[in-house]
Amino acid sequence: MGWILSAPSVVWILLIIVYPVILTLWISLHQQKMVEVSPPFIGLRNYLAILPSAEFLFQLRLTVIWTFLNLALITPAGVLLGLLLNCQFKGVGTLRTWILFSWIIPIVATTLVWQWMLEPAVGVINFLLYEVGIVRSYVNFLGDPSIAMLSIAIVNLWRWSPFMGIMTLAALQNIPQELYDSVRVDGANAWQTFWHITLPQIIPTVSITSFILMIWLFNMFPPIWLLTEGGPIESTTTLPIVIYKEAFRLFRMGKAATYSIILLIVVSAFVAAYMKLFAKSREEVVK
Amino acid sequence: MKDTRTIAKRIIFTLLLLVVIGWYFFPVYWTLITSFKTPLDLMSSRPIFFPQKMTLSSYEDVFLRSKFPYYLRSSMIIASMVTIITLILATGAAYSLSRLNFRGKRLFSNLILLVYLFPGILLVVPIFKMMTTIGLYDLLPSVILVHVTITLPFCIWTLSTFFDQIPPSLEDAARVDGASKLSVLYKLYLPLVRPGLVTSAIFSFVASWNEYIFPLILLATPEKKTIPVGIAGWAASYTIDWGQITAAAICSIIPVAILIQFIGRYFVAGLSGAVKG
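Protein chains in written order, with our numbering: chain R, 63 to 349; chain Z, 24 to 300.
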């Protein structure tokens with residue numbers, strides 16, 4: 063009975079997620095150009111062409127930089143946001159729900175809003191920075207290779223920090239009041255309370271959330287594609303952008319599949335490393 | 024002495040709060056007023072923060088002089104179908120995960136977690152090949168098929184937490200009266216998990232409505248494009264009409280605002296529950 067009710071979902075997932083992963087492996091071993099039914103088998107030649115190339119190393123480095131730049135921005139900002147939302151003030155209930163707004167609107171709406179604000183000639187951000195005196199001339203945020211990735215990361219911070227904030231808030235609200243009461247009796251000040259009670263209690267949630275975020279960041283396609291298409295001069299061409307370009311601009315499906323498999327392996331390696339690290343720190347806590 | 028300190032603290036806190044609210048909501052305000060600005064105000068070299076005159080002309084452009092109505096039609100069809108299919112599949116799966124024991128249950132719940140985390144971009148190449156092979160390329164069902172796997176994990180989790188909250192004694196009582204397992208699900212449980220169904224429905228609709236990658240690669244005919252893919256194309260053209268673009272962006276945000284207003288609370292709870300579980 064349980065089997066019958068779950069079977070449709072299982073079959074659906076096998077067909078749309080599991081089978082395609084196997085198909086990707088198959089395509090990566092063939093010289094698939096567009097949609098030929100039986101492309102020629104070329105073994106590992108796709109892998110041998112990509113892996114040693116300087117281009118790939120550059121793209122891999124960009125992907126890692128992109129992921130950890132975002133994590134370094136989103137995690138602390140989200141935790142601070144969670145702490146703020148945990149305070150009591152007028153309207154906090156409304157703010158707790160509406161804070162999700164920037165995370166939940168269509169990604170295309172996010173990028174359009176920010177493209178408009180970051181516009182190099184008439185954008186409001188350039189206007190404000192110029193009027194306040196922070197910049198001496200208008201900045202081409204998305205067109206300057208040295209700051210394009212940072213600009214996208216700031217947009218992504220706007221989008222993803224509420225997610226981290228809400229997770230942190232949920233963890234904060236699960237801390238039992240007795241813990242706070244017991245240290246208050248011992249005469250701890252606010253800072254000590256935060257350091258010894260609050261922080262250890264929210265760390266598990268924050269690390270799981272940033273772990274999930276890491277997986278998504280490695281594979282994040284829409285914000286980068288919509289804001290810069292990987293440019294200017296390839297300065298934001300992370301691996302997901304490469305996959306899309308190879309497949310739908312250059313029509314080299316075989317290569318795109320190979321990049322997909324490589325990215326999957328890279329992410330799995332980071333996942334394994336993260337889990338090992340996490341398991342270790344947990345053991346230390348137990349000790 | 025103490026009074027001035029608390030007042031200073033309160034002022035700093037209020038300022039901090041204003042900065043946070045400004046950072047998250049000014050971009051939306053800016054988009055909203057841009058969409059209502061007159062063409063003259065739009066072209067002004069100094070940005071106008073509080074326009075004196077408002078007009079609906081950008082919205083008229085969107086609905087009467089662009090392909091937006093087509094995009095709206097595609098998005099509505101895809102998101103509605105995804106919602107219906109997800110609800111049917113997720114209810115069965117959530118009920119069996121929460122209430123029944125069967126072989127491979129653990130494996131199934133692990134599979135759901137994997138699907139939740141699995142990034143879409145890694146599937147674009149094989150999904151494109153699959154859909155062209157079976158002849159679904161450039162047809163709306165191709166996108167529906169894929170979107171259901173995006174919405175399923177979250178909805179199965181949400182619904183099973185709702186099933187978990189129902190005391191098993193209720194089911195036992197109904198069974199004593201001779202009801203079969205299926206009719207128990209249908210007549211007893213479904214009314215009780217209604218809030219879970221509403222949450223799942225709105226979530227599925229919005230997730231499909233927002234999704235960008237799969238309609239991008241699977242639909243080619245301009246009249247079949249969804250709203251995100253369609254309006255993203257406008258910003259890439261040579262003559263960018265920001266009034267029209269911001270008006271379309273606001274239209275794409277409306278279902279999301281409805282979601283937050285009605286199920287924001289459940290949604291936050293489901294989200295944190297999903298990550299813990």
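Each residue gets a CB set at the ideal place from its N, CA and C atoms; glycine is no exception.
Please read these numbers as outputs of a predicted model, since none were measured by experiment.
Residue i vs residue j beta-carbon contact at 8 angstroms
i	j	result
N188/R	V201/R	yes
Y336/R	M282/R	no
T125/R	S272/R	no
M414/R	V169/Z	Within the shown structure, residues of chain R are numbered from 63 to 349, placing residue 414/R beyond reach of any answer.
C274/Z	F226/Z	no
V216/Z	F185/Z	yes
T57/Z	K76/Z	no
T129/R	L234/R	no
T269/Z	T54/Z	yes
T249/Z	S103/Z	no
I283/Z	L312/R	no
I144/Z	P302/R	yes
L110/Z	A31/Z	no
T172/Z	I84/R	no
L212/R	L180/R	no
I228/R	V229/Z	no
Per-residue contacts from residue i into chain R (C-beta, under 9 angstroms)
i	result
W232/Z	P168
Span of the alpha helix (DSSP H) around residue i
i	result
V194/R	186-194
V252/Z	250-258
E194/Z	191-199
R107/R	107-112
Y94/Z	91-122
K152/Z	147-156
R158/R	154-160
Q93/R	Run containing Q93/R: none; DSSP gives neither H nor E here.
H170/Z	163-187
P262/R	261-280
T222/Z	217-233
K128/Z	128-140
Q121/R	116-147
E296/R	Segment: none, E296/R is in no alpha helix (DSSP H) and carries neither H nor E.
E240/R	239-247
S223/R	210-235
Residue nearest to residue i in terms of C-alpha spacing, selected from the options
i	options	result
V354/R	T174/Z, A271/Z, L134/Z, K152/Z	The structure shown does not extend to residue 354/R, since chain R spans only 63 to 349, so no value can be given for it.
L174/R	I281/Z, P251/Z, Q284/Z	P251/Z
I305/R	L326/R, P294/R, I295/R	L326/R
S330/R	G219/Z, W180/Z, L137/Z	L137/Z
G144/R	L40/Z, A280/Z, A202/Z	L40/Z
T230/R	Y321/R, Q263/R, P70/R	Q263/R
P164/Z	A272/Z, L242/Z, N133/Z, S121/Z	L242/Z
G158/Z	G155/R, V99/R, S213/R, S244/R	V99/R
N124/Z	L67/R, G292/R, I324/R	L67/R
W65/R	Y118/Z, Y93/Z, F72/Z	Y118/Z
I276/Z	I286/Z, D64/Z, V51/Z, G256/Z	V51/Z
S121/Z	P142/Z, D64/Z, T181/Z, T156/Z	T181/Z
F36/Z	L146/R, S223/R, F225/R, W74/R	L146/R
F237/Z	R123/R, T290/R, F310/R	F310/R
P70/R	M99/Z, G45/Z, A113/Z, A197/Z	A113/Z
V221/Z	L162/Z, I189/Z, F285/Z	F285/Z
K350/R	E83/Z, F48/Z, R33/Z, E234/Z	Only positions 63 to 349 of chain R appear in this structure, which leaves residue 350/R out of reach.
R107/R	I89/R, V247/R, L119/R	I89/R
S16/R	P182/R, P207/R, S208/R	Residue 16/R lies beyond the residue range present for chain R, which begins at 63 and ends at 349; the question has no answer from this structure.
Under 8 angstroms by beta carbon: chain Z residues contacting residue i
i	result
M276/R	Going along chain Z, no residue has its Cβ under 8 angstroms from M276/R, so there is no contact; the nearest lies around 10 angstroms.
F203/R	Correct list: empty, because the minimum Cβ distance to chain Z is about 14 angstroms.
T255/R	Within 8 angstroms Cβ-Cβ: nothing; T255/R doesn't reach chain Z, min ~17 angstroms.
Contacts of residue i in chain Z (Cβ-Cβ under 7 angstroms)
i	result
P82/R	L146, P149, I150, M153
P70/R	L112, G115
A171/R	A272, S275, I276
Partners in chain R for residue i, counting only beta-carbon separations shorter than 7 angstroms
i	result
V138/Z	I75, I79
P191/Z	Within chain R, no residue comes near P191/Z; the closest Cβ sits about 15 angstroms away, beyond 7 angstroms.
I236/Z	F283, P284
K204/Z	M63
Partners in chain R for residue i, counting only beta-carbon separations shorter than 8 angstroms
i	result
L172/Z	The identity of residue 172/Z in the sequence shown is Thr, whereas the question assumes Leu. Here the neighbours are W74, I75, I78, I79.
I101/Z	By Cβ distance, chain R contributes nothing, its closest Cβ being about 13 angstroms from I101/Z, past 8 angstroms.
F141/Z	I79
Residues that residue i contacts on chain A, provided the C-beta gap is smaller than 9 angstroms
i	result
S322/R	Annotation note: the requested chain A is absent from the structure, which comprises protein chains R and Z.
Residues within the segment 113-128 of chain R neighbouring chain Z, beta-carbon criterion of under 9 angstroms: none
Name the residues in the segment 247-280 of chain Z whose C-beta lies less than 7 angstroms from a C-beta of chain R; which are they? P251, I254, A255, A258, W265, I268, T269, A272, S275, I276, V279
Closer than 8 angstroms between beta carbons: that is the criterion. Which residues of the segment 37-63 of chain Z meet it against chain R? Flagged, chain order: L39, L40, V43, I44, W46, Y47, F48, P50, V51, W53, T54, T57.
Give me the subset of the segment 135-168 of chain R whose CB atoms are less than 8 angstroms from a CB atom of chain Z, sorted by chain position. L143, L146, C149, F151, L157, R158, T159, W160, I161, L162, F163, S164, I166, I167, P168
When you check each C-beta in the segment 292-316 of chain R against every C-beta of chain Z, which residues fall closer than 8 angstroms? Hits within the stretch, in order: P302, I305, Y306, A309, F310, M315.
For the segment 62-83 of chain Z, which residues have a beta carbon sitting closer than 8 angstroms to at least one beta carbon of chain R? S68, R69, P70
For the segment 93-107 of chain R, which residues have a CB atom closer than 9 angstroms to at least one CB atom of chain Z, in sequence order? Against chain Z - using a Cβ distance shorter than 9 angstroms - the residues of the segment 93-107 of chain R are Q94, M96, V97, V99.
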